[in-house]
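This report concerns only the one structure given below.
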Amino acid sequence: MRSYGQYCSIARALDVVGDRWTLLIVRELLIQGPCRFTDLKNGLPGIAANLLSTRLRELEDAGLIDHEDAPPPVATALYRLTETGRELEPALRALGRWGLRYMDTVAPTDTFLPQWLAYVPTWFTADADPAAAPVVIQLVVGDVHAVVDIGAGSVETRVGSIDAADLVLDGPANAVLGLLTGVIDLEVAQRIGLTVCGDREVLTRLRPLAAQS
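Following our numbering, the numbering of the sequence shown begins with 86 at its first residue and continues without gaps.
Here it is, written out as structure tokens:
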């Protein structure tokens, strides 16, 4: 881990988390919880096993993660964030909101994983009408499904399907997530492949946090 050699808190932070893949490892541990090495590698398409090992060792030396040997049937090391590591969540959320402006297109080589569909609505949207009755949105991106529960002022998302959704959004990742996060409007989302089935008024319950950026 190289240092910028500057007496500046931003530089010191980047000394710890500024290397390639480091913040994405933190992202996976935040959204997946304690992970096996294999889980982390699967959640980071493109990373080499030896580089992941190096980054995990550096993060552990810096006090951002630790690991423990899980009992059977897992019987392998589980990596998890320490309290110091979990304190990066607000910074990652802010960085993610800033990055939404670059999410209007998807490159042919881009990878998209189920857990990313599940965390985006929770991290980047809010319930616009906490006093209203709870509603449920089903998200479908190819063979990836997630359920968004909106109610009582919270937005919670989980991987999976539900039969009785109030609204179903089905389409490419940039259409589904672009609409939910306020990067694009409904007209644009439908133009690039979004299919909407159900009560469209449900969309008014979601307040994109990107609009406040």
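Yeah, the Cβ is synthetic: ideal placement off N, Cα and C, and Gly gets one too. Model, not experiment: these values are computed from the prediction.
(request) Give every residue of the same chain whose Cβ lies closer than 6 Å to the Cβ of V229, excluding the five residues on either side of it in the sequence, and list them in chain order. (result) Translated into the one-based positions of the sequence shown, residue 229 becomes position 144. P199 and L202, listed in sequence order.
(request) Give, in chain order, every unbroken run of the beta strand (DSSP E) that is at least 3 residues long and sits entirely within the region 136-184. (result) Considered as a whole, the region 136-184 harbours 150-154 and 162-166 as its complete beta strand (DSSP E) runs of no fewer than 3 residues, in chain order.
(message) Measuring only the C-alpha atoms, how far is P120 from V226?
(response) As a working mapping, residue 120 is identified with position 35 in the sequence shown. As a working mapping, residue 226 is identified with position 141 in the sequence shown. In the sequence as displayed, the identity of residue 120 is Cys instead of Pro. Cα to Cα, the separation comes out at about 24 Å.
(message) So, does the region 234-245 touch the region 269-285, judging by three or more C-beta pairs under 8 Å?
(response) With fewer than three CB-CB distances shorter than 8 Å, the region 234-245 does not count as touching the region 269-285.
(request) Identify whether R105 lies in helix, strand or coil by the three-state DSSP scheme. (result) On the sequence shown, position 20 is the one that residue 105 refers to. R105 falls in the coil class under three-state DSSP.
(message) Can you tell me whether Q223 is helix, strand or coil according to DSSP?
(response) Translated into the one-based positions of the sequence shown, residue 223 becomes position 138. Of the three classes helix, strand and coil, the one that applies to Q223 here is strand, per DSSP.
(message) I'd like the span of the alpha helix (DSSP H) that includes E286, first residue to last.
(response) Looking up residue 286 in the sequence shown gives position 201. Run containing E286: none; DSSP gives neither H nor E here.
(request) Rank V253, D104 and E172 by C-alpha distance to the C-alpha of R285 and give the top, closest one. (result) As a first step, residue 285 is located in the sequence shown; it is residue number 200 there, counting from the start. Of the listed residues, the one whose Cα sits closest to R285 is V253.
(message) Quick check on DSSP: helix, strand or coil for R121?
(response) Locating residue 121 in the sequence shown gives position 36, counting from the first residue. Here R121 sits in strand by DSSP.
(message) If contacts are defined as beta-carbon pairs under 8 Å, then P293 and F209 qualify, I think. What distance do you get, rounded to the angstrom?
(response) Against the sequence shown, residue 293 aligns to sequence position 208. Against the sequence shown, residue 209 aligns to sequence position 124. Rounded, the Cβ-Cβ distance is 7 Å, consistent with contact.
(request) Determine the direct distance from the alpha carbon of G267 to that of S88, and round the result to whole angstroms. (result) Counting from one through the sequence shown, the residue named residue 88 turns up at place 3. Counting from one through the sequence shown, the residue named residue 267 turns up at place 182. So the two alpha carbons sit approximately 37 Å from each other.
(message) Tell me the rounded alpha-carbon separation between P156 and Y204.
(response) For this step, residue 156 is matched to residue 71 along the sequence shown. For this step, residue 204 is matched to residue 119 along the sequence shown. Whole-angstrom Cα-Cα distance: 28 Å.
(request) Have a look at V281, P158 and L99 and flag the residue whose alpha-carbon is nearest the alpha-carbon of L224. (result) Your numbering for residue 224 matches position 139 in the sequence shown. The candidate whose alpha carbon is nearest that of L224 is V281.
(request) Starting from A231, follow the alpha helix (DSSP H) in both directions and report where the run begins and ends. (result) Numbered from 1 along the sequence shown, position 146 holds the residue referred to as residue 231. Segment V229 to G236 is the beta strand (DSSP E) holding A231; no alpha helix (DSSP H) there.
(request) Specify, as a first and last residue, the run of the alpha helix (DSSP H) that R276 falls within. (result) Your numbering for residue 276 matches position 191 in the sequence shown. That run of the alpha helix (DSSP H) goes L271 to R276.
(request) Please check the pair G148 and T169, which I expect to be a contact at CB under 8 Å, by giving their CB distance rounded to whole angstroms. (result) As a working mapping, residue 148 is identified with position 63 in the sequence shown. As a working mapping, residue 169 is identified with position 84 in the sequence shown. At roughly 5 Å, the Cβ-Cβ gap stays under 8 Å, so G148 and T169 are in contact.
(message) Short of 7 Å in beta carbon distance, which residues of its chain neighbour L163, apart from the five on each side in sequence? Order them along the chain.
(response) Counted from its first residue, the sequence shown places residue 163 at position 78. Closer than 7 Å at the Cβ level, and outside the excluded window around L163, lie P119, C120, R121, H152, E153 and A155.
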